[in-house]
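Those protein sequence lines, which keep their order, are chains A and B. Residue numbers for the first sequence follow the working numbering, so the first one is 1 and each next one is one higher. Residue numbers for the second sequence follow the working numbering, so the first one is 295 and each next one is one higher. Think of the CB as a built atom: it goes at the ideal place given N, C-alpha and C, for glycine as much as any other residue. All figures in this text were calculated on a predicted structure; none of them were measured in a lab. Quick notes on the structure that follows.
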Amino acid sequence: MKRRLLLGTSALTIATLWVLWVPVSFAARAQSSSTPVPVPTSAEASSQCLVCHGNPAIIASTGEARPALYVQLATIQHSVHSDFTCVTCHSSLTASMHAKRDAARESCATCHKAEAALLVQGQHGDADAVPKLTCVTCHGNHAILAPSTPEFRTVMTEECRSCHAEMSQNFVSGNPFGMETHLGRTDVAACWDCHTAHLVLPVVDPRSPVNPTNILTTCRKCHVNAPPNFADIEIHVASSPVPRDPRLRAVTLYMLLMLIGTFAFFGWHTVLQIRHEAEQRRKRQRPGSIGGVT
Amino acid sequence: MNTTIEQAETRASEEQPHVVVRRFSAWTRATHALLAAAVFGLVLTGMPLRYPDAFWAKFLLLIWQGAEGAAVLHRVFACGFFLAAAMHVSGVIAAWMTGRFRFRSILEPDSIMLRPQDLRNIVANLKYLRGKGPRPEFGRFTYWEKFDYIAEIWGLLVIGLSGLVMWFPMKAASFLPGWIVNAALIFHAYEGLLAMGFLFSIHFFNTHLRPDVFPVDPVIFSGNIPLEEVRERYPGWYERLSEKGVGFVPGRRDPSGFAMFVSVAYLSVGLLTLTFVMMDAVMEAWKYLSYAF
Chain A
1 MKRRLLLGTS ALTIATLWVL WVPVSFAARA QSSSTPVPVP TSAEASSQCL
51 VCHGNPAIIA STGEARPALY VQLATIQHSV HSDFTCVTCH SSLTASMHAK
101 RDAARESCAT CHKAEAALLV QGQHGDADAV PKLTCVTCHG NHAILAPSTP
151 EFRTVMTEEC RSCHAEMSQN FVSGNPFGME THLGRTDVAA CWDCHTAHLV
201 LPVVDPRSPV NPTNILTTCR KCHVNAPPNF ADIEIHVASS PVPRDPRLRA
251 VTLYMLLMLI GTFAFFGWHT VLQIRHEAEQ RRKRQRPGSI GGVT
Chain B
295 MNTTIEQAET RASEEQPHVV VRRFSAWTRA THALLAAAVF GLVLTGMPLR
345 YPDAFWAKFL LLIWQGAEGA AVLHRVFACG FFLAAAMHVS GVIAAWMTGR
395 FRFRSILEPD SIMLRPQDLR NIVANLKYLR GKGPRPEFGR FTYWEKFDYI
445 AEIWGLLVIG LSGLVMWFPM KAASFLPGWI VNAALIFHAY EGLLAMGFLF
495 SIHFFNTHLR PDVFPVDPVI FSGNIPLEEV RERYPGWYER LSEKGVGFVP
545 GRRDPSGFAM FVSVAYLSVG LLTLTFVMMD AVMEAWKYLS YAF
C-alpha cells in the first residue's frame, strides 16, 4: 500500500515536471535557431538620433522645410520594425555621419531579397522613372504595417489610389467589391490580389495575371469554380460619369429615363391630387364654420 | 354572413357608428406589413452603399457594424422581400383553389390589373383635378393604386433578379454573359433609388399623407373601408357592390394606437431617409448635367 502511494506520487511529479519542461525547451530551441538580427545597443543608439530628430523644430533647421527629418518615437513603435535601430536601415550613417545618400532605400533588400528582385523586373521598378519608385514609396518608411493586418489593406489601397486615381474610382463605383473596399471592408480582394504587389507588369505582357489569357486563372485564386464568363465581368467600369461601355450606357440611360419619367408624372399628379383634396375639405368645412350652428 | 346595405346600415346605427366594406384580407395586410418592413430594412442597409461618402451613410454603417454587417442584413431583408412576394402568389393560388378568386376576374372592372378604361381615366382625372370635368367613375382600384401594385411586381423582378445575379455571380455567369453582372449593379442601383423615391414620396402622399386620412390610411390595418368613402372615391365599385348587395359589414374605422405608432414611425423614418438620400441624388444629378452640357 505504502509502496504504491510512493510510486504513484513520484510518477505524477515526473509527469508534471515533464509537461512544464516541454514549452520551456521549445522556447529555448526557437530562440537558438532564429538568425540573430543585428541589434546594436538599440535603445541607446536610437535615442541618440531622436535627440535631434525627435524635435519638431528640426523641420526648419536647414533653412527650408523638410518634414521628413522629424521622426516620432510613437511612429516607429507602431511599425513591425519597432525592434530595429535607426542604423539598421540607415546603414551608411555608421560609416559617414549624415552622408547625402543614407542607403535606407536600398537596405530593405537586405532582408526582403525576393520582393526587391521582383520589383525591378516590373513597371514599378523602372530605373529611369522620375521619381523612381522604391519600397518606401508604397510601404512608407517609419510606420511599416504587417501585410496580415486589416489596416495594411486599407492603407495600401489608398497608396494605389494616390497614383491610379481614375482606376480606383472605376473600381469603387463599378462593382460591390470596390464599394465595400472603399467602405473599409478588408476581407475582399484589393488591387494587388489580382494585379500582384511587386512584379507589376503591363496588361499585354503574357506573364501578367490580368493579361486576357490569365484573367480566369486569377479569378479562380478565390472563386475556385468560376465559369469562363466570370472573367468577362468588368471590375473597373470606366465612367465619365455614364459608363463608356455602350451596353452599360444603354442600361444607365434607360434607368435614368424611367426615374425621371416616373417622378415627373407622378410628382405632378400627386401635387394636383393633394391640392384638390385640401380644397374639397375646405369647401366642406366652410358652411358649418360660418353658420356656427350644427 | 353577407348583408345588404340597408341591413348593414340599420345594424350599424344600432351597434356601431360606421358601415364598412372589406377591402384587404388579413393575408394581404400581413403581406403589406412584411413588405414594408423588408423595404425599410433594404433601404437603410442598401443606401449607404449607393452613396458611401454621405454623412448619413457613415452613421447607418455604424449601426450595421460596417459594410460586412450591412451586406449580411441586406440579404436577410431581401429574403423577407422575396417571402412577401411568395405570400402574395400563394395567397392568390389559395384563393383560386377555394373558389374565392377566378383568374377570369382580372379582366373585370374591379380587377387590379390595367384595363383600357384606366388610360381614359388618367386623362379624365387630370381634367377633373384642374376643375375641367367630372370625376371618373373609378372601380375598386384607381389607376394610381394599380400602378403601386404593378410597379411593385416590376420592381421585384428588376431589383430581385439583379440582386440575385450579384448575390450569386458565379451561378449567373455560368449561363449569362459577364457584362450582365455589371448591368445588374446599374439596374439595382437605379431601381433601388426609383423604388425608394416612389414609395417614400408618391405612395406616402397618395395613400397615407393625403389630407383626408392624414397621417395614415387605416384601411391597411383594419382591412375595412368606410362605406361613405367607397361611395365617394370608388363610385364604380360602390355601384357594383350595391347591385350584388354583398360585402357590407358594420365595423370599426379607426386604427389602434399601436398601428398608429408603427405607421407614424415608418412614415417619419421614410421621409427622413428620403430627404437625406435626395440631397445626394441631386448632387449626382448635377454631376450628370454638367457632363451632358
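Taking 9 angstroms as the CB-CB limit, is residue i close to chain A?
i, result
"glutamate 431 (chain B)", "no"
"isoleucine 444 (chain B)", "no"
"leucine 568 (chain B)", "no"
"lysine 426 (chain B)", "no"
"glycine 491 (chain B)", "yes"
"leucine 408 (chain B)", "no"
"tyrosine 585 (chain B)", "yes"
"methionine 573 (chain B)", "no"
"glycine 551 (chain B)", "no"
"serine 562 (chain B)", "no"
"proline 512 (chain B)", "no"
Output, in chain order, the set of chain B residues within a Cβ distance shorter than 9 angstroms of residue i.
i, result
"glutamine 48 (chain A)", "The premise fails here: glutamine 48 (chain A) is roughly 43 angstroms from chain B at the closest Cβ pair, so nothing lies under 9 angstroms."
Just checking: is the beta-carbon of residue i within a distance shorter than 9 angstroms of some beta-carbon in chain B?
i, result
"arginine 247 (chain A)", "yes"
"serine 240 (chain A)", "yes"
"glutamine 285 (chain A)", "no"
"phenylalanine 171 (chain A)", "no"
"glutamate 158 (chain A)", "no"
"methionine 167 (chain A)", "no"
"alanine 264 (chain A)", "no"
"asparagine 225 (chain A)", "yes"
"proline 209 (chain A)", "no"
Distance check for residue j and residue i, CA to CA, integer angstroms please.
i, j, result
"leucine 583 (chain B)", "leucine 488 (chain B)", "19 angstroms"
"proline 147 (chain A)", "alanine 348 (chain B)", "30 angstroms"
"threonine 567 (chain B)", "arginine 323 (chain B)", "24 angstroms"
"valine 313 (chain B)", "arginine 504 (chain B)", "22 angstroms"
"histidine 164 (chain A)", "leucine 133 (chain A)", "14 angstroms"
"alanine 330 (chain B)", "phenylalanine 492 (chain B)", "13 angstroms"
"proline 430 (chain B)", "valine 524 (chain B)", "14 angstroms"
"serine 240 (chain A)", "valine 155 (chain A)", "26 angstroms"
"phenylalanine 494 (chain B)", "valine 242 (chain A)", "26 angstroms"
"threonine 16 (chain A)", "histidine 223 (chain A)", "49 angstroms"
"glutamate 526 (chain B)", "phenylalanine 266 (chain A)", "22 angstroms"
"arginine 66 (chain A)", "threonine 75 (chain A)", "17 angstroms"
"tyrosine 585 (chain B)", "tryptophan 192 (chain A)", "32 angstroms"
"alanine 559 (chain B)", "valine 337 (chain B)", "15 angstroms"
So which residues of chain B does residue i contact, with C-beta pairs closer than 8 angstroms?
i, result
"threonine 270 (chain A)", "Ser495, Ile496, Phe499, Asn500"
"threonine 296 (chain A)", "As displayed, chain A neither begins before 1 nor continues past 294, which places residue 296 (chain A) out of reach and without an answer."
Residues of chain B with a CB under 7 angstroms from the CB of residue i: which are they?
i, result
"glutamate 151 (chain A)", "Ordered by position in chain B, no residue passes the 7 angstroms Cβ test against glutamate 151 (chain A), which lies about 14 angstroms from the chain."
"leucine 259 (chain A)", "Tyr484, Leu487, Leu488"
"valine 237 (chain A)", "Asn476"
Against residue i, what residues of chain A qualify as contacts under a CB-to-CB distance less than 8 angstroms, listed in chain order?
i, result
"aspartate 506 (chain B)", "Glu277, Arg281"
"lysine 421 (chain B)", "Within 8 angstroms Cβ-Cβ: nothing; lysine 421 (chain B) doesn't reach chain A, min ~11 angstroms."
I'd like to check one pair, residue j with residue i: are the Cβ atoms closer than 9 angstroms?
i, j, result
"isoleucine 416 (chain B)", "methionine 407 (chain B)", "no"
"alanine 478 (chain B)", "methionine 490 (chain B)", "no"
"asparagine 175 (chain A)", "asparagine 476 (chain B)", "yes"
"tyrosine 443 (chain B)", "phenylalanine 435 (chain B)", "yes"
"tyrosine 484 (chain B)", "methionine 179 (chain A)", "no"
"leucine 183 (chain A)", "leucine 355 (chain B)", "yes"
"cysteine 108 (chain A)", "cysteine 86 (chain A)", "no"
"glycine 360 (chain B)", "arginine 275 (chain A)", "no"
"valine 510 (chain B)", "leucine 561 (chain B)", "yes"
"glycine 530 (chain B)", "glycine 427 (chain B)", "no"
"leucine 190 (chain A)", "cysteine 219 (chain A)", "It should be noted that the sequence gives alanine, not leucine, for residue 190 (chain A). Not a contact, by the Cβ cut-off of 9 angstroms."
"alanine 379 (chain B)", "leucine 450 (chain B)", "yes"
"leucine 420 (chain B)", "histidine 269 (chain A)", "yes"
Since I believe residue j is in contact with residue i (beta carbons under 8 angstroms), could you give me their beta-carbon distance rounded to a whole number of angstroms?
i, j, result
"histidine 198 (chain A)", "glycine 122 (chain A)", "7 angstroms"
"histidine 195 (chain A)", "valine 172 (chain A)", "Rounded, the Cβ-Cβ distance is 16 angstroms, inconsistent with contact."
"histidine 53 (chain A)", "leucine 69 (chain A)", "6 angstroms"
"phenylalanine 395 (chain B)", "valine 383 (chain B)", "Not confirmed; about 12 angstroms, so no contact."
"valine 563 (chain B)", "phenylalanine 334 (chain B)", "7 angstroms"
"proline 304 (chain A)", "threonine 213 (chain A)", "Not covered by the structure: residue 304 (chain A). The range shown for chain A is 1 to 294."
"asparagine 229 (chain A)", "glycine 472 (chain B)", "5 angstroms"
"arginine 244 (chain A)", "alanine 238 (chain A)", "5 angstroms"
"serine 319 (chain B)", "glycine 517 (chain B)", "6 angstroms"
"alanine 364 (chain B)", "tryptophan 358 (chain B)", "4 angstroms"
Which bits of chain E does residue i rub up against, with CB to CB less than 7 angstroms?
i, result
"aspartate 232 (chain A)", "You won't find chain E in this structure, because its protein chains are A and B."
Can you pull the chain A residues whose beta carbon is under 7 angstroms from the beta carbon of residue i, in chain order?
i, result
"proline 346 (chain B)", "Met179, His182, Leu183"
"glutamate 362 (chain B)", "Arg185"
The ligand GDP and residue i: does the residue's C-beta get closer than 8 angstroms to at least one heavy atom of that ligand?
i, result
"leucine 183 (chain A)", "With respect to the ligand GDP, the structure shown offers nothing to examine, as it has no ligands at all."
Could you work out which residues of chain A lie near residue i, taking near to mean beta carbons separated by less than 9 angstroms?
i, result
"leucine 343 (chain B)", "Pro176, Met179, Glu180, Leu183"
"tryptophan 438 (chain B)", "Phe266, His269, Thr270, Gln273"
"alanine 467 (chain B)", "Ala226, Pro227, Pro228, Asn229, Phe230, Ala231, Asp232, Ile233"
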